[in-house]
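Residue numbers (my numbering), protein chains in the order written: chain A, 24 to 78; chain B, 6 to 216; chain C, 171 to 392; chain D, 4 to 252. All C-beta atoms, glycine included, are put in the ideal place defined by N, C-alpha and C. As the structure is a prediction and not an experimental result, all values here were calculated from the model. Data first, discussion second: the structure below is written as structure tokens.
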Amino acid sequence: MAEFFHMGGYALYVWGSFGVTLLLMVIEPMLLKSRRRAILKRIARMARLNVGEVS
Amino acid sequence: MLEVVDLECVRGDRRLFTNLSFSLSKGELLYLYGHNGSGKTTLMRAICGLLQPTEGEIRWDGEPIRELSEEYTREVLYIGHKNGIKDDLTALENLRVLSTLDGVHITEEQAWDALKRIGLHGFEDLPTQVLSQGQKRRVALARLLAHQARLWILDEPFTALDKAAVEMLQQVIREHLDRGGMAFLTTHQEVELTAGQVKQLQLGKGGQGCV
Amino acid sequence: MFETFLAIVKRDLILAMRRRSDVLTILFFFVIVVSLFPLGIGPEMNTLRLIAPGVVWVAALLASMLALERLFAIDYADGALEQMLLTPQPLSLLVLGKVTAHWLVTGVPLVLMAPVLGIQYDLSLDGLRVLVITLLLGTPALSLIGAIGAALTLGLRGGGVLVSLLVLPLTIPVLIFGAGAVEATVSGLGGEGHISMLAAILVMALFFAPLAAAAALRVSVE
Amino acid sequence: MSSRIVNWFKFSSPATFYPLAGRLIPWFTAAAVITLGVGLYMSFFVAPTDYKQGEGYRIIFVHVGTAWMSMFIYVVMAAWAGLGLVFNTRVSAMMASALAPTGAMFTFVALWTGALWGKPMWGTWWVWDARLTSELILLFLYLGFIALQSAIDDPRRADRAGAILAIVGVVNIPIIYYSVQWWNTLHQGASVTVSGQSSMETVMLWTMLIMTFGFWFYAIAVVLARVRCIILERERDTTWVRELEGEVQ
Numbered sequence: 024m025a026e027f028f029h030m031g032g033y034a035l036y037v038w039g040s041f042g043v044t045l046l047l048m049v050i051e052p053m054l055l056k057s058r059r060r061a062i063l064k065r066i067a068r069m070a071r072l073n074v075g076e077v078s
Numbered sequence: 006m007l008e009v010v011d012l013e014c015v016r017g018d019r020r021l022f023t024n025l026s027f028s029l030s031k032g033e034l035l036y037l038y039g040h041n042g043s044g045k046t047t048l049m050r051a052i053c054g055l056l057q058p059t060e061g062e063i064r065w066d067g068e069p070i071r072e073l074s075e076e077y078t079r080e081v082l083y084i085g086h087k088n089g090i091k092d093d094l095t096a097l098e099n100l101r102v103l104s105t106l107d108g109v110h111i112t113e114e115q116a117w118d119a120l121k122r123i124g125l126h127g128f129e130d131l132p133t134q135v136l137s138q139g140q141k142r143r144v145a146l147a148r149l150l151a152h153q154a155r156l157w158i159l160d161e162p163f164t165a166l167d168k169a170a171v172e173m174l175q176q177v178i179r180e181h182l183d184r185g186g187m188a189f190l191t192t193h194q195e196v197e198l199t200a201g202q203v204k205q206l207q208l209g210k211g212g213q214g215c216v
Numbered sequence: 171m172f173e174t175f176l177a178i179v180k181r182d183l184i185l186a187m188r189r190r191s192d193v194l195t196i197l198f199f200f201v202i203v204v205s206l207f208p209l210g211i212g213p214e215m216n217t218l219r220l221i222a223p224g225v226v227w228v229a230a231l232l233a234s235m236l237a238l239e240r241l242f243a244i245d246y247a248d249g250a251l252e253q254m255l256l257t258p259q260p261l262s263l264l265v266l267g268k269v270t271a272h273w274l275v276t277g278v279p280l281v282l283m284a285p286v287l288g289i290q291y292d293l294s295l296d297g298l299r300v301l302v303i304t305l306l307l308g309t310p311a312l313s314l315i316g317a318i319g320a321a322l323t324l325g326l327r328g329g330g331v332l333v334s335l336l337v338l339p340l341t342i343p344v345l346i347f348g349a350g351a352v353e354a355t356v357s358g359l360g361g362e363g364h365i366s367m368l369a370a371i372l373v374m375a376l377f378f379a380p381l382a383a384a385a386a387l388r389v390s391v392e
Numbered sequence: 004m005s006s007r008i009v010n011w012f013k014f015s016s017p018a019t020f021y022p023l024a025g026r027l028i029p030w031f032t033a034a035a036v037i038t039l040g041v042g043l044y045m046s047f048f049v050a051p052t053d054y055k056q057g058e059g060y061r062i063i064f065v066h067v068g069t070a071w072m073s074m075f076i077y078v079v080m081a082a083w084a085g086l087g088l089v090f091n092t093r094v095s096a097m098m099a100s101a102l103a104p105t106g107a108m109f110t111f112v113a114l115w116t117g118a119l120w121g122k123p124m125w126g127t128w129w130v131w132d133a134r135l136t137s138e139l140i141l142l143f144l145y146l147g148f149i150a151l152q153s154a155i156d157d158p159r160r161a162d163r164a165g166a167i168l169a170i171v172g173v174v175n176i177p178i179i180y181y182s183v184q185w186w187n188t189l190h191q192g193a194s195v196t197v198s199g200q201s202s203m204e205t206v207m208l209w210t211m212l213i214m215t216f217g218f219w220f221y222a223i224a225v226v227l228a229r230v231r232c233i234i235l236e237r238e239r240d241t242t243w244v245r246e247l248e249g250e251v252q
């Protein structure tokens, strides 16, 4: 198994490439999720604000 | 003949007015009233084609202005809050350049007369930088004398003008209406202009097109 | 039609002459940037001769970026731009007029100054000749492409820097063929291919850039 | 992507597009995970070792796929932006804004993997190769688009200004690529090309295609999620958004 990770001496480069690619493809959705949570929270707060105020 | 059919404009994410309809025909003057922020300037800029409305249509002689573009802009003269004149040029140069751009050929004498009539006698060849706010406004308004546009859209034309200038401008507008022109005017001062057909349009709270 | 084009060019030239300092600052920027490189890289003539085309061209690029700020900003501020949108003439023609005046005021001085700076880098006579030709073709293209960026970033805070970020990637072909032509001539390969490409880019820019800039102006003035 | 274009007029309003996007995301996410899983398996276990570059060449499966995606997304972005400009539909403009960050991410990854692939093969982290240089310029175009849109407060103006920039950009991409190609051959000759398609065994080609499809599904899922966020942000004070806020998801 170790030989597999050794990648014929190119371990740093192969795992560096695949690693960063997949890492970014995980980070991007996570950023989106937090952005979505933030906007939903804001909408909820605005909704409460409107209900409270006599419009 | 100008027709506006259920127009809606949004500024930023605030809806200023919605399904606003009115029309303006030959010899008519339309006053636009409304508190600050009621969308008067936005409406005027939409009508002269500077701004795309989110809903509704503006028609000139039955044709939507978006298709007409240059034929329509030939017929429109818009004077907004900004004078549209260059500070480094003299009043004379400003007027000559603006009329050439408007496609109106005026000679040197016509320019001098226009400036004299608008009350800038003696100031014609000074860079507009040194003129007062009211005088700069007169330079911008001098175009009304030279221009043959049928539809005048004037956004608070009387600001910064003294009594005599207001009087003179009303006279110019009356002549324009008598010639069959149309004017669309916003102002905060009380201005008595009763000649011809005068219509009113109230924007904002309690007015037409209220959100 | 052509009359309004001349009216705009004349108006802008008069305005530029009345504010001469703006014109000179851009020219000085060009001279200073080109003169900085020998101080950074060292006085050996053969290295300087090698980097001369690239340095002069990059400096010309940066100088024209710097000059873009003035193109529409003043007209936008005093409302003259609104009036230009409302004239019965096609807006792209007026934009072409403004860019022509802008090029005459900022581009031509760069072209005239370039040979002097070329001598500073001991560029051969052929090299200087081609440098002037490429700049003569290149600087209008830079102004035209730059006009799109200036129109897009009208009235934005930090617009000056943003223009460069938007426009520089689009001007890379002009830089490549401009500097490449001089280098090819100096190394004897002959720069005709590059010059013809540069001319082709200029013609394309002459046709498309005013249309794009006009559309961008309509969006920005709204 | 194409299925939605057929009846997109109906979906051009944010209110109808939002739930549709919501329903599509899980499907594309699943497709992405499966395709990438298969792609990764093939990259490491099915594709043979390259006789010249040994194991290092496996980076090509990621590099080429992301490079294709970065170019493809820019073109799709310009297309949506153009549609938004012509038909004045707000959802198309939002799609363009939603595509840009993902496109920029793929461009960065293509550059990163290009550098990591260049190091063992040519001994330097950065090679001024025609394709890599064009990729770098493409990254600047993306950053310019994102910077312009974030600098403009009014969403409508940001959409239309971004659209014009994207269209000008997409027209310039072939010119830039051609001039960089010319510049590259002039200075270095054709000796160093990262992109030289060595005789590609079919299994390698298939792996690359599957990886690209994986990235493609991933891109659609992420972009749809981002466009939903943009819709919520822009329509936050409309009635349909307020009723919606009770949503659990």
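Secondary-structure assignment with DSSP links Ile158(B) through a beta bridge to Tyr83(B), Phe189(B). Rounded to the nearest whole angstrom, the CA to CA distance from Leu274(C) to Ser191(C) is 15 Å. By the CB criterion at 8 Å, Val333(C) and Leu312(C) fall outside the cutoff. For Phe218(D), the uninterrupted alpha helix (DSSP H) segment begins and ends at 205-237. If you check each beta-carbon in the segment 73-87 of chain B against every beta-carbon of chain C, the ones closer than 7 Å belong to Glu75, Thr78, Arg79, Val81, Tyr83, Gly85, Lys87. Residue pairing for Thr95(B): DSSP places it in a beta bridge opposite Pro132(B). Counting the other CB atoms within 10 Å of its CB gives Met171(C) a total below 16, which places it among the exposed residues. Taking every protein chain shown into account, the CB of Val37(A) has 16 or more other CB atoms within 10 angstroms, so this residue is buried.
Following the DSSP letters along the chain, one finds Glu62(B) inside the beta strand (DSSP E) bounded by residues 60-65. DSSP places Asn24(B) in the strand class (E or B) of the three-state scheme. With fewer than 16 neighbouring CB atoms inside 10 Å of its own CB, Gly139(B) falls in the exposed class. As far as DSSP is concerned, Pro52(A) takes part in no beta bridge. Within chain C, the residues whose beta carbon sits less than 9 Å from that of Ala154(D) are Thr323, Leu326, Arg327, Gly328, Gly329, Leu332, listed in sequence order.
The criterion of a C-beta distance shorter than 8 Å is not satisfied by Leu314(C) and Leu232(C).
Your pair Gly308(C) and Gly360(C) does not check out as a contact, with CB atoms roughly 18 Å apart and the cut at 8 Å. A distance below 8 Å separates the beta carbons of Val109(B) and Ala151(B). One finds Leu47, Glu51 in chain A with Cβ atoms closer than 7 Å to the Cβ of Met108(D), taken in chain order. Residue-level contact by beta carbon fails for Gly61(B) and chain D, as no gap is shorter than 8 Å.
For the segment 104-124 of chain B, residues whose beta-carbon sits nearer than 7 Å to a beta-carbon of chain C comprise Thr105, Leu106, Asp107, Gly108.
For the 8 Å CB-CB criterion, Lys141(B) and Thr133(B) form a contact. At a beta-carbon threshold of 8 Å, the residues of chain B lying near Arg181(C) are Lys91, Leu94, Glu98, Val102, ordered along the chain.
A check of alpha carbon separations from Leu241(C) across Leu305(C), Thr270(C), Pro339(C) identifies Thr270(C) as the nearest. Not a single CB atom of chain A sits nearer than 8 Å to the CB of Thr242(D). At least one beta carbon of chain D lies nearer than 8 Å to the beta carbon of Pro339(C). The three-state secondary structure of Gln175(B), taken from DSSP, is helix.
Under the DSSP assignment, Gln207(B) falls in the beta strand (DSSP E) whose first and last residues are 202-207.
Restricting attention to Val9(B), Gln202(B), Leu149(B), His193(B), the CA atom closest to the CA of His40(B) is found in His193(B).
Per DSSP, the unbroken alpha helix (DSSP H) holding Leu206(C) starts and ends at 190-211.
The three-state secondary structure of Arg19(B), taken from DSSP, is strand. Residue contact check for Leu298(C) against chain D: no CB pair falls below 8 Å. Per DSSP, Glu353(C) is one residue of the alpha helix (DSSP H) stretching across 329-356. Close to Leu119(D), with beta-carbon spacing below 7 Å, are these residues of chain A in chain order: Tyr36, Gly39, Ser40. Distance between Gly126(D) and Ala118(D), taken at the CA atoms: about 10 Å.
Taking Val183(D) as the centre and dropping the five residues before and after it, the same chain places the C-beta of Ala133, Thr136, Ser137, Ile140 closer than 8 Å to its C-beta, in chain order.
Shortest Cα-Cα distance from Phe218(D) to any of His190(D), Ala34(D), Arg26(D) involves Ala34(D). Where Glu114(B) is concerned, the enclosing alpha helix (DSSP H) starts and stops at 113-122.
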